[in-house]
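Trainee: Please see the structure below; I have some questions.
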Amino acid sequence: MSTLKDLLETGGLSAISAALRAGEVSARELATHCLEAVAVSDINAFIDVQPELTLAQADEADARLAAARQGGERVGPLLGVPMAHKDAFVTRGWRSTAGSKMLADYYSPFDATVVRKVREAGAVCVGKLNCDEFAMGSGNENSYFGPVKNPWDRTRVPGGSSGGSAAAVAAGLVPLTTGTDTGGSVRQPAAMCGVTGIKPTYGRVSRYGMIAFASSLDQAGVFARSAADCAQLLAAMAGFDERDATSLPVLPEDLAAVPAMSWAGEGSAPLGGLRVGVPAEFLNDSVTPGVRHAVQEALKRFEALGATLVPVSLPHTELAIPAYYVIAPAEASSNLARYDGVRYGHRSEDASDLKSLYMNSRAEGFGAEVKRRIMIGTFVLSHGYYDAYYRKAQQLRRMIADDFARVFGEVDVIAGPVTPETAWPIGQQKDDPVRNYLADIFTLPASLAGLPGVSLPCGFDGGLPVGLQLVGPALSEARLLTIGHVYQQETDWHLRRPGQST
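Using the UniProt record's numbering, the letters of the sequence shown map in sequence onto residues 1 to 502.
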């Protein structure tokens, strides 16, 4: 690559890692370039940068790389590579705000497990990324620090809640980022920003140190330009953690091997023997014509690669929104009760007694969407309404999971659009929360069932990116990423940069 910019924006993780191992570029040079790019960026993707900490990590990485070159030791693919964390992961040295005034000045005394593991792998943290407040939103407009702008069109949202994470990769500010996905918050912004993102199986990645929204749904995920790069970062993050009671005690897949893997199917075709389920509910009239066309063209490419498309049905898809928007707010109501102005977080200066301290601190510290969901959650958990709403929602959740279990008896993966439309103008849906919620109709079912899902760039509609979603059975991350890698070997949608949609 001719320049650091070319290397970081188009080289991919393998090229960056190879240049670092060969001594052609240093971790400090890469980190400095990223910090300079963030400083002049106008998309508001970052909440906090600490150049001294970033450069200190880069110098440590350079020392490890130099020692490896002298001793011939093998180093991991992330060593010295710049990346950034969604500000839902507590991170020592950087502010950990969850995009909220409630935590605007909070510095954590410890690292989240995700942060620690990525740091141990040698990645260099450039900073903390903007997100919807407490991960509640579909457009990254609910952040106390202002909305993130989509690099493809700065008048439009990047998707949410991990909008800063997706936008930072799309804009070339960093090659890798972390995110969180509760109801689609990795897959949806990945689709809207034209990058690759994966939400792993619930429990695959530790939630320890992730600022909680809805504990039975929250899961850490990753963003990169390609499925191969996502696999490398996810490989570093995944694994059992005894500090997280929901962490799965399973043997890890060799996710790091995904770039060298191929689909182990039938015949010589790249995806020969792959059975792809296409739910009728995912390509209905709610999907705009441009999105539908891009997804259908992607499915045709799958067929050309040897896959078989199988019509299937997930009949309870439309019930995912009411189920989710009962369960998630209920859990949020419980999780956010800890922010009372006493122990940590925002404390109101206008309080005459303990009750007014609670009330005023929470009224001042939380934004409108967070308050809305707390109120909904408190209502559905209250006496006389628990059975009518919360218990019913959990029953619907089981029915949705059963739909997937039945379909996965017939197919290997399920495919469809990530979102029914492309990125909408900033502010268009600010006062229409129900329309905002509908943007997650195709991502919520997999979240409720705890299944992994990946978003792959698959085309454009009016110059804005469209994402193809692949959902697999539990613990099938390697399968999804391998299929995504095969698809991306045959297409270049994931390589397009803002301004290069045609």
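Glycine included, every Cβ here is placed at the ideal spot set by N, Cα and C. On a predicted model such as this, the values are computed, not experimentally measured, just so you know.
Comparing alpha-carbon positions, which option in R92, R156 and K86 lies nearest L129?
Mentor: The count along the sequence shown starts at 1 and reaches residue 129 at position 129. Per the Cα distances, K86.
Trainee: Decide yes or no for the touch test of the stretch 308 to 326 against the stretch 391 to 411: beta carbon pairs closer than 8 angstroms, at least 3 of them.
Mentor: Segments in contact, yes.
Trainee: Under the rule that 16 or more other beta-carbon atoms within 10 Å means buried, what is H494, buried or exposed?
Mentor: Translated into the one-based positions of the sequence shown, residue 494 becomes position 494. Buried is the call here.
Trainee: Under 6 angstroms Cβ to Cβ from E9, same chain only, skipping five residues before and after it: list those, please.
Mentor: Within the sequence shown, residue 9 is the residue found at index 9, counting from 1. Counting only Cβ-Cβ distances below 6 angstroms, and skipping sequence neighbours, we find G172.
Trainee: Going by DSSP, what residues sit across from S455 in a beta bridge?
Mentor: Taking the sequence shown and counting its residues from 1, one reaches residue 455 at position 455. Note: S455 sits in a beta bridge opposite G197 and Q469.
Trainee: Buried or exposed: where does Y339 fall if 16 or more other Cβ atoms within 10 Å of its Cβ makes it buried?
Mentor: Stepping through the sequence shown from its first residue, residue 339 is reached at position 339. Buried is the call here.
Trainee: Helix, strand or coil for P147 per DSSP?
Mentor: For the purposes of this step, residue 147 is identified with residue 147 of the sequence shown, where counting begins at 1. Three-state result, P147: coil.
Trainee: Look at the alpha carbon of K430 and the alpha carbon of S108, and state the distance between them as a whole number of angstroms.
Mentor: Locating residue 430 in the sequence shown gives position 430, counting from the first residue. Locating residue 108 in the sequence shown gives position 108, counting from the first residue. Their Cα atoms are separated by approximately 31 angstroms.
Trainee: Would a C-beta distance cut-off of 8 angstroms place A474 and V258 closer than the cut-off?
Mentor: As a first step, residue 474 must be located in the sequence shown, where it is residue number 474. As a first step, residue 258 must be located in the sequence shown, where it is residue number 258. The answer is no: Cβ separation not under 8 angstroms.
Trainee: Compute the Euclidean distance between the alpha carbons of M210 and G267, then round it to the nearest angstrom.
Mentor: By one-based count along the sequence shown, residue 210 stands at place 210. By one-based count along the sequence shown, residue 267 stands at place 267. For M210 and G267, the distance between alpha carbons rounds to 44 angstroms.
Trainee: Please look up how many angstroms separate the CB atoms of G160 and G139, rounded, as I've assumed it's under 8 angstroms.
Mentor: On the sequence shown, position 160 is the one that residue 160 refers to. On the sequence shown, position 139 is the one that residue 139 refers to. With 8 angstroms as the limit, G160 and G139 qualify as a contact, their Cβ atoms being about 5 angstroms apart.
Trainee: So if DSSP puts I483 in a beta bridge, which residue, or which two residues, is it bridged to?
Mentor: For the purposes of this step, residue 483 is identified with residue 483 of the sequence shown, where counting begins at 1. BP columns for I483 are empty, so no partner.
Trainee: For residue 506, count the other beta carbons within 10 Å of its own beta carbon; 16 or more makes it buried, fewer makes it exposed. Which is it?
Mentor: With the chain covering 1 to 502 only, the question about residue 506 has no answer from this structure.
Trainee: So does the stretch 391 to 405 actually touch the stretch 297 to 311, counting three or more Cβ pairs closer than 8 angstroms?
Mentor: In short, these stretches do not touch, since the Cβ pair count stays below three.
Trainee: Pull the bridge partners of P259 from the DSSP assignment, please.
Mentor: Looking up residue 259 in the sequence shown gives position 259. In DSSP, P259 forms no bridge with anything.
Trainee: So is L251 buried or exposed if we call it buried at 16+ other beta carbons inside 10 Å?
Mentor: Translated into the one-based positions of the sequence shown, residue 251 becomes position 251. L251 should be labelled exposed.
Trainee: DSSP beta-bridge partners for D153?
Mentor: As a working note, residue 153 is residue 153 in the sequence shown. N150, per the DSSP bridge assignment.
Trainee: Taking the CB atoms as reference points, tell me whether V126 and P82 lie closer together than 8 angstroms.
Mentor: Position 126 of the sequence shown, counted from the start, is the residue given in the question as residue 126. Position 82 of the sequence shown, counted from the start, is the residue given in the question as residue 82. Result yes, Cβ atoms of V126 and P82 sit closer than 8 angstroms.
Trainee: Are three or more beta carbon pairs between the stretch 29 to 44 and the stretch 86 to 105 nearer than 8 angstroms?
Mentor: No: fewer than three Cβ pairs fall under 8 angstroms.
Trainee: Is the distance from the Cβ of G367 to the Cβ of Y144 below 8 angstroms?
Mentor: Counting from one through the sequence shown, the residue named residue 367 turns up at place 367. Counting from one through the sequence shown, the residue named residue 144 turns up at place 144. Going by C-beta atoms, G367 is nearer than 8 angstroms to Y144.
Trainee: Would you decide whether F110 is buried or exposed? Buried here means 16 or more other CB atoms lie within 10 Å of its CB.
Mentor: Here the question's residue 110 lines up with position 110 in the sequence shown. Looking at its Cβ environment, which holds fewer than 16 other Cβ atoms inside 10 Å, F110 is exposed.
Trainee: For E281, does the count of other Cβ atoms within 10 angstroms reach 16, so buried, or fall short, so exposed?
Mentor: Locating residue 281 in the sequence shown gives position 281, where the first residue counts as 1. Classification for E281: buried.
Trainee: Since I believe S162 is in contact with N335 (beta carbons under 8 angstroms), could you give me their beta-carbon distance rounded to a whole number of angstroms?
Mentor: Taking the first residue of the sequence shown as 1, we reach residue 335 at position 335. Taking the first residue of the sequence shown as 1, we reach residue 162 at position 162. Not quite, the Cβ-Cβ distance comes to about 18 angstroms (not below 8 angstroms), so this is no contact.
Trainee: Tell me the rounded alpha-carbon separation between V466 and G416.
Mentor: Working through the sequence shown from its first residue, we reach residue 466 at position 466. Working through the sequence shown from its first residue, we reach residue 416 at position 416. Answer to the nearest angstrom: the Cα atoms are 11 angstroms apart.
Trainee: Of all the options P51, L78, L35 and P175, which has the alpha carbon lying nearest to the alpha carbon of L7?
Mentor: By 1-based counting over the sequence shown, the position of residue 7 is 7. The residue with the shortest Cα to Cα distance from L7 is P175.
Trainee: With distances taken Cα to Cα, identify the nearest neighbour of residue 519 among S206, R204, R207 and P158.
Mentor: Nothing about residue 519 can be reported from this structure: the residues present for the chain run from 1 to 502 only.
Trainee: Between the beta-carbon of E133 and the beta-carbon of G99, is there less than 8 angstroms?
Mentor: For the purposes of this step, residue 133 is taken as the residue at position 133 of the sequence shown. For the purposes of this step, residue 99 is taken as the residue at position 99 of the sequence shown. Yes. Within cutoff.
Trainee: How is F46 classed by DSSP in three states: helix, strand or coil?
Mentor: Here residue 46 refers to the residue found at position 46 when the sequence shown is read from its first residue. Three-state result, F46: strand.
Trainee: Is the beta carbon of Q469 closer than 8 angstroms to that of G450?
Mentor: Reading the sequence shown from its first residue, position 450 is the one you call residue 450. Reading the sequence shown from its first residue, position 469 is the one you call residue 469. Result no, Cβ atoms of G450 and Q469 do not sit closer than 8 angstroms.
Trainee: Would you please state the rounded distance, in angstroms, between the beta carbons of R187 and G122? I believe it to be under 8 angstroms.
Mentor: Numbered from 1 along the sequence shown, position 187 holds the residue referred to as residue 187. Numbered from 1 along the sequence shown, position 122 holds the residue referred to as residue 122. Their Cβ separation, rounded to whole angstroms, is 27 angstroms, which puts R187 and G122 out of contact at 8 angstroms.
Trainee: Measure the C-alpha to C-alpha separation of M1 and G23 and round it to an integer number of angstroms.
Mentor: To locate residue 1, count along the sequence shown from 1; it is residue 1. To locate residue 23, count along the sequence shown from 1; it is residue 23. Because the pLDDT at M1 is just 43, under 50, the model does not fix this residue reliably, and the point stays unresolved.
Trainee: Under 7 angstroms Cβ to Cβ from A235, same chain only, skipping five residues before and after it: list those, please.
Mentor: Taking the sequence shown and counting its residues from 1, one reaches residue 235 at position 235. L255 and A256.
Trainee: Report the rounded CA-to-CA distance for L233 versus L78, giving the unit in angstroms.
Mentor: Translated into positions along the sequence shown, residue 233 becomes position 233. Translated into positions along the sequence shown, residue 78 becomes position 78. Distance between the alpha carbons of L233 and L78 is about 7 angstroms.
Trainee: Is it right to say H33 is buried, meaning 16 or more other beta carbons lie within 10 angstroms of its own, or is it exposed?
Mentor: On the sequence shown, residue 33 is found 33 positions in, with the first residue counted as 1. Counting Cβ neighbours within 10 Å, H33 comes out buried, since at least 16 surround it.
Trainee: Would A18 and A61 be called neighbours here (beta carbons separated by less than 8 angstroms)?
Mentor: For the purposes of this step, residue 18 is taken as the residue at position 18 of the sequence shown. For the purposes of this step, residue 61 is taken as the residue at position 61 of the sequence shown. It is not a contact, given that the beta carbons lie outside the stated cut-off.
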